[in-house]
Amino acid sequence: MNRMEQLCEYLDLAAFRQRLIASNLANVDTPGYRTRDINFESEMRRAENRLEAETPALRVFEVQGLIERPDGNNVNLERESLLLAQTQLQFRMGVELLRQEFQRITAAVKEGS
Amino acid sequence: MNLMGVLEISGSALTSERQRAEILASNLANAQTTRTAKGGPYQRQLVVFGTRRAGSARFAGILSGLSNRYAQGVEVMRVVPDPTPPVQRYEPAHPDADSQGYVAYPSINPIEEMVNLMGAARAYELNVAAAQATKSMISASLEILS
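First to last, the sequence lines map onto chains A and B.
Here the numbering used here is used: the first residue of the first sequence is 1, the next is one more, and so on.
Here the numbering used here is used: the first residue of the second sequence is 1001, the next is one more, and so on.
Written out as structure tokens, the structure reads:
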């Protein structure tokens, strides 16, 4: 897996996590809803060791150890808000790195001409 | 992976929370209503939320199939009347008083409704923040090309 592919994978994972966070936040008042998440690090590691032909299958799990309300919902607003900010920054970082990668290629092309 | 569907999830929460706030406001407004179209005092309404699958079937594929399975929006499943019997108050002069002089008032506690309304407002704000975060991520991804 080259650097560009790694960054794409990184952005995909961040976008997927954002989706889960949005879902958790949307269901903050839904009885019986359980907080869902992925393990970013292990998913990234798995993606790096994956063969190209393999289809990605992310492991989504229900987060344990959160305080459950009487209606069976265990969404923690603070946890989700922090993750929201973190994921947003991770995504921006991925975008910035990818942009630099493209700029390097562009520079190399221009040098040759 | 598309981020547009994430906006849809947050949007579903905004709609649902607003509907909930509307119902709560209606409960508050009708706390003293003794006459309704179907007769009797106003009945307090309760909102039931349920998960909804984000319906972006256009983006087929494994990743979006997966995210549709796990990432869900929310919707108002039902609005049900509160079965609590009305409160009887002795007001013989009231036009809606029964033969014993009691008037049936809806059993609505304004404080409870206000607390629920605050919860709805807070959840709404939170989902606006989520939508803004997603929006900034989408605009950041557009910068790759610039």
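Note that the Cβ used here is the ideal one computed from N, Cα and C, for glycine as well.
Alpha helix (DSSP H) containing residue i: first to last residue?
i	result
ARG50/A	ARG50/A -> no alpha helix (DSSP H), and no H or E assigned at all.
GLU1075/B	Looking at the DSSP string, GLU1075/B is not in any alpha helix (DSSP H); the run it does join, the beta strand (DSSP E), is 1072 to 1081.
ARG59/A	Unbroken run through ARG59/A: none, as it is neither H nor E.
ALA1123/B	1110 to 1142
GLN100/A	77 to 112
THR1015/B	1004 to 1029
ALA22/A	3 to 26
Excluding the 5 residues flanking residue i on each side, which residues of the same chain have their C-beta closer than 7 Å to its C-beta?
i	result
VAL1006/B	THR1134
THR1033/B	PRO1041, TYR1042 and PRO1106
PRO1096/B	Rather than Pro, the amino acid found at residue 1096/B in this sequence is Asp. The answer, listed in chain order, is THR1034, ARG1035 and VAL1103.
VAL1080/B	LEU1046 and VAL1048
LEU97/A	LEU7
TYR1090/B	GLY1101 and TYR1102
ARG3/A	GLU101
Measure from the alpha carbon of residue i to the alpha carbon of each residue in the options, then state which is nearest.
i	options	result
ARG59/A	LEU51/A, PRO70/A, GLY72/A and GLU41/A	GLU41/A
ASP29/A	PHE102/A, ARG104/A, MET1/A and VAL75/A	VAL75/A
ASN49/A	ARG36/A, GLU5/A, ILE67/A and SER113/A	GLU5/A
ALA15/A	GLY94/A, ARG79/A and ILE105/A	GLY94/A
GLY65/A	LEU82/A, ASP37/A and GLU101/A	ASP37/A
GLU1022/B	GLU1143/B, TYR1124/B, SER1139/B and GLN1132/B	TYR1124/B
SER1026/B	GLU1075/B, GLU1143/B and GLU1113/B	GLU1113/B
GLU101/A	GLY1050/B, GLN1019/B, GLU1143/B and ALA1093/B	GLU1143/B
THR1084/B	ARG1052/B, ILE1108/B, TYR1090/B and MET1137/B	ILE1108/B
ASP1082/B	ARG1044/B, ALA1131/B and ILE1138/B	ARG1044/B
ALA1130/B	ARG99/A, GLU78/A and MET1/A	GLU78/A
ARG69/A	THR35/A, ALA57/A, ARG99/A and ASN39/A	THR35/A
VAL1087/B	ALA1031/B, LYS1038/B and ILE1138/B	ALA1031/B
GLU9/A	ARG104/A, ALA57/A, ILE105/A and ALA107/A	ALA57/A
LEU25/A	SER1136/B, SER1139/B, HIS1094/B and VAL1128/B	VAL1128/B
MET1/A	ILE67/A, ALA47/A and GLU43/A	ALA47/A
ALA1029/B	SER1139/B, SER1141/B and ILE1111/B	ILE1111/B
ARG1018/B	GLY1039/B, SER1141/B and ARG1122/B	ARG1122/B
ARG45/A	LEU13/A, ILE67/A and ALA107/A	LEU13/A
Starting from residue i, follow its DSSP beta bridges and name the residues at the other end.
i	result
PHE1049/B	VAL1076/B
ASP37/A	PHE61/A
VAL1103/B	ARG1089/B
For residue i, which residues from the same chain have a beta carbon less than 8 Å from its beta carbon, with the 5 sequence-adjacent residues on both sides left out?
i	result
GLN18/A	LEU84, THR87, GLN88 and PHE91
SER1099/B	none
ASN27/A	TYR33, ASN73 and VAL75
SER1012/B	ARG1052, ALA1054, GLY1073, VAL1074 and GLU1075
ALA1037/B	none
ARG99/A	none
VAL109/A	none
ARG104/A	none
Residues in its own chain within less than 6 Å of residue i by CB, not counting five upstream and five downstream?
i	result
LEU1024/B	GLU1113, ASN1116 and LEU1117
ALA1060/B	Reliability of the predicted coordinates at ALA1060/B is poor, the pLDDT of 44 falling under 50, and no value is obtained from them.
ILE21/A	GLU80, LEU83 and LEU84
ARG1078/B	VAL1048
ASP71/A	PRO31
ARG1020/B	VAL1047 and ALA1120
HIS1094/B	VAL1103
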